[in-house]
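A short worksheet on the structure shown next.
4 protein chains.
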Amino acid sequence: MRPIDLRSDNTAGAEPYVLEALAAANTGTAASYGDDEVSARLARRVSETFEREAFVFPVVSGTAANALGISALCPPWGAVVCHEGAHILVNEAMATSMFSGGAALLGLAGEGSRLTTAALTACLERTAWDDPHSSQPAVLSLTQATEMGEVYQPEEIAALAEVARSRGMRVHLDGARVANAVAALGCTPADLSWRAGVEVLSLGATKNGTMTADAIVTFDAAVAQELRFRLKRAGHVASKGRFQAAQLDAYLTDGRWLASASRANAAMAQLLAGLARLGYEPVVPARANLALVAVPDEISARWAQAGVQFYVIEPGVVRFVTSWATTDADITTALHRFQHDSGRA
Amino acid sequence: MRPIDLRSDNTAGAEPYVLEALAAANTGTAASYGDDEVSARLARRVSETFEREAFVFPVVSGTAANALGISALCPPWGAVVCHEGAHILVNEAMATSMFSGGAALLGLAGEGSRLTTAALTACLERTAWDDPHSSQPAVLSLTQATEMGEVYQPEEIAALAEVARSRGMRVHLDGARVANAVAALGCTPADLSWRAGVEVLSLGATKNGTMTADAIVTFDAAVAQELRFRLKRAGHVASKGRFQAAQLDAYLTDGRWLASASRANAAMAQLLAGLARLGYEPVVPARANLALVAVPDEISARWAQAGVQFYVIEPGVVRFVTSWATTDADITTALHRFQHDSGRA
Amino acid sequence: MRPIDLRSDNTAGAEPYVLEALAAANTGTAASYGDDEVSARLARRVSETFEREAFVFPVVSGTAANALGISALCPPWGAVVCHEGAHILVNEAMATSMFSGGAALLGLAGEGSRLTTAALTACLERTAWDDPHSSQPAVLSLTQATEMGEVYQPEEIAALAEVARSRGMRVHLDGARVANAVAALGCTPADLSWRAGVEVLSLGATKNGTMTADAIVTFDAAVAQELRFRLKRAGHVASKGRFQAAQLDAYLTDGRWLASASRANAAMAQLLAGLARLGYEPVVPARANLALVAVPDEISARWAQAGVQFYVIEPGVVRFVTSWATTDADITTALHRFQHDSGRA
Amino acid sequence: MRPIDLRSDNTAGAEPYVLEALAAANTGTAASYGDDEVSARLARRVSETFEREAFVFPVVSGTAANALGISALCPPWGAVVCHEGAHILVNEAMATSMFSGGAALLGLAGEGSRLTTAALTACLERTAWDDPHSSQPAVLSLTQATEMGEVYQPEEIAALAEVARSRGMRVHLDGARVANAVAALGCTPADLSWRAGVEVLSLGATKNGTMTADAIVTFDAAVAQELRFRLKRAGHVASKGRFQAAQLDAYLTDGRWLASASRANAAMAQLLAGLARLGYEPVVPARANLALVAVPDEISARWAQAGVQFYVIEPGVVRFVTSWATTDADITTALHRFQHDSGRA
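Chains S, W, Y and H, in that order, are what the protein sequence lines are.
Under our numbering, the first residue of the first sequence carries the number 1, and numbering increases by one thereafter.
Under our numbering, the first residue of the second sequence carries the number 1001, and numbering increases by one thereafter.
Under our numbering, the first residue of the third sequence carries the number 2001, and numbering increases by one thereafter.
Under our numbering, the first residue of the fourth sequence carries the number 3001, and numbering increases by one thereafter.
As structure tokens, this is what we get:
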């Protein structure tokens, strides 16, 4: 019985076009460390994608994208304000604190996995500004789509960024699944980033089809200049940079990234609809390709035995993630196995 | 006129088998962050290659390999002793100092680009041991092949390591071109590493045929355990780890890595022989795929105009590097262009 | 009208014996950087005070004592578990994170300001041990007396330390007011430290009578050796070390430190008794020289106008701190002013 | 036989006025962490001393002053250019690298212990500017008086600073013995600092009369604001700040610091004159209170036995340091002992 893998979009392979792009880039010699034509093409592609001049830095992981991107926005004595469930706070081994020279990560509560302007405002109001005893909030980091599969509307990001900027803070977006959010919202990448006040963006790609390439994108030339140095000394500049750039360039070409994300989102919608028919509901509204669903442990244990892979992230709560590679048949099969086993309960 | 690129082995593309390995790894889903079958296979392959249990950590750059590998050997108040021309000291933007929490890099003079036991011994004798005012030498880092294309004999490494260990220091090898050294020396990887006292090794691969994958190799389980954490918080763990592992696994399979290195070495030997006929000699003995050659600037300027790419690294000294991809025809063409233009001088 | 200062024990001056000790130490020349006779005498004094071999490092602030002491116990990828109101988490600008190379500070809830074994156990149970995505709990840091004026019994510290050590964690005590705790509990310094499992201790002294000298005390020779290097490179080794040592040596001589703490504690008891008669009670049981008292803001505002200095730390809660220098007359005067102004309410 | 201590100005005690100032500051309560009247008075005193608005931060060591001061001028990827014998490079355990987040320290050769504009210019010309592989020179750090007892003329500092600023570098002065330099040169503190282009200064005081207080002085308000945060998180803000400020304020009052330095300088001049009569000469011109003198080891060994303390810093070279506390009689006695023992040779 073939297992249906709904553990993570990280478990999927790469889209075929990625291999084609790598092969196409593998021609002759090229200047190293990103000073090549493919990297230049990627830079243009990113600027087109975001409808303004943007600077792009390929990296090998989302953790690198987040931690290095934020480190260029935050002084060592600063604090990064994020949701208490943010990946940078919970799952990245304090990489952001390390690269920034010791910055604090300040997690705020927020229904589901979304920050609110009320929570942010309250946090900033209780801050001891200009008091050296206290880390100074310097960066707001939002995750889009969130760690629980929710999304922020562009105007929600803009409102949060407005609060942040009123206190001199800068704005970062952890876009590990930003393609899924763009696809879900039907907006443009610009709407979710600089038009809403985002200055530095982790542009997730690996989860959504590339092999080893995510990217930092910034719209600020001074930040970009600083990142050149920060990445090199962090060992995050590949010598044959064209092979990182080629993956990302192909990813952003002809709307592939959004097509892939749409497929993943549709698979999740199909899954959630089927689960709803079985009586299982997400614990927060799920708009992208990830959902937390309330499922009794004895049920989920049987589902696992029936050949569907997923994570029980806390008692009674199961996490499902779909990817660009998830097929209709995968979901149909999974739901069939769920139904069969739920029925026996 | 097609330029002949002798700038760096980083300008070459990837070997065709790398693309095949990536395609082969791109099947179905797999656990993320290196907990997959390809990564397990790589671990076995590395142990076989080095003839003992070894631990391997794919990374995206040699800088990451060096800096993170050393950081697991060196306390923040330690000093890393290396040659004054070592890549870690001169070309890696102090990544080693950053990842180790502020360690000193102590460059010693040494004829050509090789450290001597005499220089190392003198350094250790003048050290203020146990004096907190002074960084304490904690790691010896050797480069093999060296930054100038020389090599250490296994017994030379062993002798240096012996001196280091007599003062409690640990031993690191920057093996950005270790394949070329193994091929040139006709010894085994074990001879150049743990048998000679090396505890952590940067296993270069990108320069010699892979796309985006180098590796840290260690023979010490405690260092390996520490590296798991150090890599994650540095953002150097790829989520789809199989694609990093696949490149390295293919690289080490069927002696490909040494075959590629041998081709590069042979190309350099062919080049040097031709240059000698023209009256140009390397400034230090060159055994691998890199050489510094004394060439008057007015001559090298004409060679560049004639369609050969290389770096003038200081007045009167040219650096040539060959790679797995350099062909006999490339060298013949380059020499032809040199001859033509030298003749006019 | 002379203000009565109950803001902090940091606002008090130094005990007269400190000036005498400085004058006594100011004789002739002495080896620098702690290699002098006064420093040697302090080392013996600390060992006697703690009834076993101990190593002492004078520092200029409690923040230095905490951050450097913990940094010698915690790897960069570790987490320091403490109360959510711990000074190291809330008031020290992430110094501990900086000196440890990026360690996480993990604040746990706990009634009043005390950690419980239940909370600690729950935290350790939900930890993803050996998972590089998560900071690994490595140090338990307790504050004694706590930030809210409570104390831990020796057996409570021992029970918490036991839980910590069952997971390989090490134990640190922030003893900014440990003298007050020892005096309040009537136990010995050993009872509250190594006998209860504490390995590194911040020995507060400045709040309790010295001018510019606190200390790190450890019972672990390897930690002590590491601290020699950590302190030097942090700039925390005074060249004329005898003047730091002299303050601490005098402090610990003839039970002065406990006599001073007892006076401060007694002043607080007198204050709380008077406040109770006026109808104001501490929000948690206060045993040492600091108390949080529930006082309506309109009342506390009048008290402030009446010439008593203190901090309103949140709406409706006032913090009082007494010191070695607080006199019976100070408290009597303060209570008189309170009574007068409460009466008008 | 009373030993004559010429090891270091760190072995001297404190001037009597320091104890008086501490006693005077020990009156009543005062706001903590430098928000007190004595600290405010020090700030005014420093501005008067330097003839313009200056910001002052007391610290407990010269290492702290240098490392923290420079860290506010240098990005983590920067390099600090200094003499190869600079204290920050040789004797401070890489504190500057640690506090700056991994900056390189780049030591240049220079006759005696002085940097030259030629050496600095050559260094900057061979720098790979804007190349992320290379640390970017960002700070010039000069030591005044130098580690070998030489001094820079104000116009020499200005010329070096001019070269530095032409490449966007900032200028730091390690003034561990700046008082001796001011006294020796007969210029003003302003002449040696901001008028010559110095932006941040380590104002040594402990060697020259205080107990535990040196200071960072800056003329740049933005640097000062950053230092507030950097010092706090480094644990370098004393809670009872008035006692650090009081030492420095007394030091700078009524020209005491220059009077003390003049005495030390005069003692050194007397010593050197006497040594010259005995046939021993300094290896570089000594202008302040420190000199390296060529003395055969067999002679210096006898001098040591005869009751004079000093350091043999390398075979055949002895270091003498005088201090504010060195008396005419000390020097006369030392010379008498030297003569007696040289005569026997």
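The beta carbon of each residue, even a glycine, is placed where N, CA and C say it ideally should be.
7 Å Cβ cutoff, residue 1340(W) in contact with chain H | no
Would you check if there are 3 or more beta carbon pairs closer than 8 Å linking the stretch 309-327 of chain S to the stretch 1171-1184 of chain W?
-> no
Since residue 51(S) and residue 188(S) are thought to touch, with beta carbons under 8 Å apart, how far apart are those beta carbons, to the nearest angstrom?
-> 7 Å
On the three-state DSSP scale, how would you describe residue 1332(W)?
-> helix
Distance between residue 79(S) and residue 169(S) (C-alpha atoms, nearest Å) = 10 Å
Simplified DSSP state of residue 2051(Y), which is helix, strand or coil | coil
Looking at the C-beta of residue 1208(W), does it have a partner C-beta in chain S at a distance below 7 Å?
-> no
Please name the residue, chosen from 2112(Y), 2016(Y) and 2056(Y), that lies closest to residue 2285(Y) on a Cα-to-Cα basis.
-> 2112(Y)
Taking 8 Å as the threshold, find out whether the stretch 98-107 of chain S comes into contact with the stretch 2096-2103 of chain Y through three or more Cβ pairs.
-> yes
Chain Y beta carbons: is any one of them nearer than 7 Å to that of residue 3098(H)?
-> yes
Can you find a CB in chain Y that lies within less than 7 Å of the CB of residue 3026(H)?
-> yes
Within 10 angstroms of its Cβ, does residue 3297(H) collect 16 or more other Cβ (buried), or is it exposed?
-> exposed
Mind checking which residues open and close the beta strand (DSSP E) that includes residue 2292(Y)?
-> 2290-2294
Taking Cβ to Cβ, would you say residue 3216(H) is nearer than 7 Å to residue 3034(H)?
-> no
For residue 246(S), the first and last residue of its enclosing alpha helix (DSSP H) | 242-252
Give a yes or no on whether the minimum CB-CB distance between residue 2129(Y) and chain W is below 7 Å.
-> no
The alpha helix (DSSP H) spanning residue 3297(H) covers which residue range?
-> 3297-3305
Determine the direct distance from the alpha carbon of residue 2025(Y) to that of residue 2057(Y), and round the result to whole angstroms.
-> 18 Å
Runs of beta strand (DSSP E) lying entirely within the stretch 81-155 of chain S, each at least 3 residues, in chain order = 104-108 and 136-143
In chain H, which residues lie less than 8 Å from residue 2061(Y) when you measure between Cβ atoms?
-> 3235, 3236, 3237, 3238 and 3239
Alpha-carbon to alpha-carbon, residue 3184(H) and residue 3195(H) | 18 Å
Pair every Cβ in the stretch 262-275 of chain S with every Cβ in the stretch 53-67 of chain S, then say whether three or more of these pairs are closer than 8 Å.
-> no
Assigned secondary structure, residue 2189(Y) (DSSP; H/G/I helix, E/B strand, else coil) | helix
Paired residues, beta bridge with residue 157(S) - DSSP = Partner(s): none; residue 157(S) has no beta bridge.
Determine the DSSP secondary structure at residue 3255(H), reduced to helix, strand or coil.
-> helix
Indicate whether at least one CB of chain Y lies closer than 7 Å to the CB of residue 3019(H).
-> yes
Closer than 7 Å, CB to CB, is residue 1327(W) near chain S or not?
-> no
Could you have a look at residue 1280(W) and say whether DSSP puts it in helix, strand or coil?
-> coil
Span of the beta strand (DSSP E) around residue 202(S) | 200-203
Member of 2207(Y), 2245(Y) and 2258(Y) whose CA lies at the smallest distance from the CA of residue 3241(H) | 2207(Y)
Counting only the same chain and skipping the five closest in sequence on each side, list residues whose C-beta sits under 6 Å from that of residue 2334(Y).
-> 2004 and 2308
Spatial neighbours of residue 3120(H) in its chain, beta-carbon cut-off 8 Å, leaving aside the 5 residues before and after | 3081, 3108, 3140, 3160, 3163 and 3164
8 Å Cβ cut-off: residues of chain W touching residue 229(S) = 1093
Note the first and the last residue of the continuous alpha helix (DSSP H) segment covering residue 3170(H).
-> No alpha helix (DSSP H) contains residue 3170(H), which is instead part of the beta strand (DSSP E) from 3170-3175.
CA-CA distance, residue 2202(Y) and residue 94(S)?
-> 25 Å
If the cut is a Cβ gap below 8 Å, which residues of chain Y does residue 1324(W) touch?
-> Result: empty, since nearest Cβ-Cβ is about 33 Å, beyond 8 Å.
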